[in-house]
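Q:
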Amino acid sequence: MGMVLYGMDNTREITDEIMIRHASAVKKASRKSLVFFDLPYSKKFSEDNIIRRSIKIFNQTKCDGVKIEGNSELVDVIKYLTKKSIPVMAHVGLQPQKFSSASKFKIYGRKEDDLKNILSDCKALEKAGATSLLLEGMVTKIAKQITFASKIPTIGIGASEFCDGQILVSEDMLGMFTEYHPKFVKKYANLSSNIQNAIKRFSSEVNSNKFPNRKFRYD
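If you want this note's numbering, it's the position in the sequence shown, counting the first as 1, plus 2.
#1: With a 10 Å radius around its C-beta and 16 neighbouring C-beta atoms as the bar for buried, classify Asp221 as buried or exposed.
#2: Find the nearest neighbour of Pro98 within the set Ile59, Met10, Lys188, Lys153, judged by alpha-carbon distance.
#3: Would the beta-carbon of Ile157 fall within 7 Å of that of Leu127?
#4: With respect to the alpha helix (DSSP H) encompassing Ala92, which residues constitute its N-terminal and C-terminal limits?
#5: Since Ile144 and Gly111 are thought to touch, with beta carbons under 8 Å apart, how far apart are those beta carbons, to the nearest angstrom?
#6: Please go through the segment 140-185 and give each complete beta strand (DSSP E) segment of 3 or more residues, from N-terminal end onward.
#7: Are the segment 176-187 and the segment 199-211 touching, with three or more C-beta to C-beta distances below 8 Å?
#8: Can you find at least 3 beta carbon pairs, one from the segment 47-59 and one from the segment 82-90, that sit closer than 8 Å?
#9: Should Ala161 be labelled buried (16 or more other beta-carbon atoms within 10 Å of its own) or exposed?
#10: Go through its chain and collect everything with a Cβ distance to Ile52's Cβ below 6 Å, but skip five positions before and after it.
#11: Going by other Cβ atoms of all chains shown within 10 Å of its Cβ, with 16 needed for buried, is Lys138 buried or exposed?
#12: Pick out whichever of Arg216, Lys69, Asn61, Leu193 has its Cα sitting closest to the Cα of Arg180.
#13: Between the Cα of Ile109 and those of Asp50, Ile159, Arg219, spot the shortest distance and give me the residue it belongs to.
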């Protein structure tokens, strides 16, 4: 949201207030979908901070749950929120909030110990009460093993076809950007050029007095 809608340099700049406004609007417009809000980044990392902010945003937005980036350090947080009837989606693998720039993003799973560590983390998160796992930017082997080992759904973004569900950023999927996009992104439309062409036609017709004409006026 921060980078594709607000032109921010990273995902860290989204505030709780921005998330509350955005998530509230999405929840209000949704009829059939489960809506989870993304807990914004905070310089102050503590269990109390995460819990307090999660409850606040959950109550104000009326969302169905919260997605939180982190590993096994979230176990007690998930246990507490679950007792408060707040579903938690645990975000593992590539965690964008840890990076100050998208250019620093790294695919997870290239190191020898990555598989062992993340499998252990995912088991702990599931046991703590996480309702699902978001797997981002990781090699196929790891995503596949996590999915097969988990009793809760896995949702992938750049994590192979072996996850139980898939995410693409809407603006990427619809071709809203012409610049660089990650390898895992498939464009299903090219709205960027369509929008540009429509704006050019509108501007041209206004400048040449072709629009508005009699067809588009009230007499």
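Backbone N, C-alpha and C fix where the C-beta goes; we use that ideal spot for every residue, glycine too.
A: In terms of the structure at hand:
#1: exposed
#2: Met10
#3: no
#4: No alpha helix (DSSP H) contains Ala92, which is instead part of the beta strand (DSSP E) from 90-95.
#5: 4 Å
#6: 156-159
#7: no
#8: yes
#9: buried
#10: Val79
#11: The sequence given here places Glu at residue 138; Lys does not occur at that position. Its Cβ being crowded by 16 or more others within 10 Å, Glu138 is buried.
#12: Note that residue 180 corresponds to Thr in the displayed sequence, not to Arg. Nearest of Arg216, Lys69, Asn61, Leu193 to Thr180, Cα basis: Leu193.
#13: If we check each option's Cα against that of Ile109, Ile159 comes out closest.
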